[in-house]
Amino acid sequence: MPKDRYQIVPYTNTRHKAPMHHTLLAALLSSLLAACDIPYVAEGSWDVLYELPAREVNATWHIDEETGLRVEGMLVMTIDELELAGSRISWSAVAPSPLAPAGEPQRINFNGTVNGDHFAGTLYTRSGNLTVTGSRH
Numbered sequence: 001m002p003k004d005r006y007q008i009v010p011y012t013n014t015r016h017k018a019p020m021h022h023t024l025l026a027a028l029l030s031s032l033l034a035a036c037d038i039p040y041v042a043e044g045s046w047d048v049l050y051e052l053p054a055r056e057v058n059a060t061w062h063i064d065e066e067t068g069l070r071v072e073g074m075l076v077m078t079i080d081e082l083e084l085a086g087s088r089i090s091w092s093a094v095a096p097s098p099l100a101p102a103g104e105p106q107r108i109n110f111n112g113t114v115n116g117d118h119f120a121g122t123l124y125t126r127s128g129n130l131t132v133t134g135s136r137h
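Below you can see the structure in the form of structure tokens.
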């Protein structure tokens, strides 16, 4: 076989470091994205349904990172702890339990997950737990 048909190529490491300008560009993009004012998934107004043992109760929730959660309807309450994290929402309040006799005030907690224009979660009370669902206005 003729020698010119084959070429011997020495082994070289194909791994390489990104040029400095790529590293700087990545750092710049990361800082710009961190500074973006991206709204939380749960922000907005929601038509809410509390599923009580004997009936269902409707309400409206208005969720905003700055102003918090405002609840309107039969179960009006002031939320004192609101946490929005990605698609998760949780809050806590001292309010009359919809399951307690005469609506005794107690600590109630909610944990839920937003999926698009709907959410589902559980309202935890000393008197029992309620399923809560909602649809975005």
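In our numbering, the protein residues as written are 1 to 137. Positions of the beta carbon are idealized from the N, C-alpha and C atoms, including for glycine.
- With a beta-carbon spacing of about 13 angstroms, residue 94 and residue 110 fall beyond the 8 angstroms limit used to define contacts.
- About 3 angstroms separates the beta carbon of residue 73 from that of residue 59, a gap short enough to meet the 8 angstroms contact definition.
- Linking residue 115 to residue 105 through their CA atoms gives a straight-line distance of about 31 angstroms.
- Taking the C-beta atoms as reference points, residue 92 is found no nearer than 8 angstroms to residue 113.
- Judged by DSSP secondary structure, residue 112 falls within the beta strand (DSSP E) whose first and last residues are 105 to 115.
- The beta strand (DSSP E) runs lying completely inside the segment 47 to 91 and spanning 3 residues or more are 56 to 64, 68 to 73 and 81 to 85, given in chain order.
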